Structures are given as structure tokens and as C-alpha cells.
Amino acid sequence: MRQFLFVLACCAGLAGPVQAQSNEIETVIGNQFEAFLADDLVTAFTYASPTIRDIFRTPENFGAMVRNGYPMVWRPAKIRYLELQQREGALWKLVQVTDAQGRAHLLAYQMVNLESGWKINAVQLLEMPRPSV
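Using mature numbering (1 follows the signal peptide of the UniProt record, and there is no 0), the letters of the sequence shown correspond one by one to residues -20 to -1, 1 to 113.
Structure below.
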């Protein structure tokens, strides 16, 4: 019984740091959404990891990729933050984004924690789960 209580106490102790990470990550993702909505590509680019910044080189190139490849991120109508997952050693934040036409999209944001704070390292468009009947 003591072992069970110890494990339970350890798990409860981890919930705080995980929730704090999730909140910090949501703030970064949300700030980037706000920057896109304001057409502030320079600020939006600051939330990208160095790897992404090296690939796109300029805020304008980065903005063009998002505008053309992820229009639901460029102009979201609604944003809903879901769970934080660990996959293959990386942290992924699931986000449901509703676009201007009312279609829901499921996105996974890969996050990296650098000295300068959390940065977005990748975004994957996932298939929305089908509603269960």
C-alpha cells in the first residue's frame, strides 16, 4: 500500500510541471497565431525554432509558406488546445483549429525548449478523429 501511495504522490507531483509546460507552450503557439492575424511576420518568425528559421531564412518566406500551406493557421476562426504528448523523445502539442469556412483541423506542434524559451520546431496536419456513433 505504501508503494502505491508513493507512486501516486510522484505522479501528482509531476502534474504541476507538465501543466506549466503545457501553459507555456500554449502561450507561444497563441502568440504566433496572434502575430499571423496581425500580419506581423517578423514577430511570428520569432516563435519558430532555429531549424525552421534556417530553412525559410526570412519572415516573408516563412509567412508565404504558412499562408499557402496552412491557411487555417494563417486565419483561424477558433483555436482549441488539446493534450501535450511525448512521441519519440519530442513534445507535441495538439491543437484543433477551425478555419473561416467552419472546418475543423487537427494540428500537432512539435516544441523545443531552448535557452530563449519554447519554440515551434514543426507542425503536422493530422487526420481528424471520426465521431463515434
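Note that CB positions come from ideal geometry on N, CA and C, so glycine has one too.
Since the model is a prediction, treat every value here as computed from it, not as a measurement.
So, are the CB atoms of residue i and residue j less than 9 Å apart?
| i | j | result |
| --- | --- | --- |
| LEU71 | PRO30 | no |
| PRO39 | LEU62 | no |
| ILE32 | ALA102 | yes |
Return the bridge partner residues of residue i from the DSSP annotation.
| i | result |
| --- | --- |
| GLY49 | DSSP lists no partner for GLY49. |
Relative to the C-alpha of residue i, which candidate in the options has its C-alpha closest?
| i | options | result |
| --- | --- | --- |
| GLU6 | LEU105, THR38, GLN90 and GLU107 | GLN90 |
| HIS85 | GLN104, ILE100 and ARG67 | GLN104 |
| ASN11 | PRO51, TYR27 and VAL22 | TYR27 |
| PHE16 | GLY97, ALA44, SER2 and ARG37 | ALA44 |
| VAL53 | LEU87, GLU107, ASN3 and ARG110 | LEU87 |
| ASN3 | PHE13, ARG67 and LYS73 | LYS73 |
| LEU106 | TYR50, GLU68 and ASP34 | TYR50 |
| VAL46 | GLY97, MET108 and ASP19 | ASP19 |
By Cβ distance, which residues of its chain are closer than 7 Å to residue i, with the 5 residues on each side in sequence left out?
| i | result |
| --- | --- |
| PHE(-17) | Here PHE(-17) scores only 42 on pLDDT, less than 50, and its place in the model should not be relied on; the value that follows carries that caveat. Cβ within range, chain order: n/a, list empty. |
| GLN1 | LEU64 |
Which residues in the same chain have their Cβ closer than 6 Å to the Cβ of residue i, if we skip the five residues on either side of it in sequence?
| i | result |
| --- | --- |
| THR78 | ALA57, LYS58 and ALA84 |
| PHE42 | PHE25 and PHE36 |
| LYS99 | SER29 and VAL92 |
| ARG60 | GLN76 |
| GLN65 | TRP72 |
| THR23 | ALA15 |
Can you list, in chain order, the residues of its chain whose CB lies under 8 Å from that of residue i, leaving out five sequence neighbours each side?
| i | result |
| --- | --- |
| ARG55 | PHE16, LEU17, ASP79 and ALA80 |
| PRO109 | LEU86 |
Can you check the stretch 51 to 100 for any beta strand (DSSP E) of at least 3 residues that lies completely inside it and give the ranges in chain order?
58 to 67, 70 to 78 and 84 to 94
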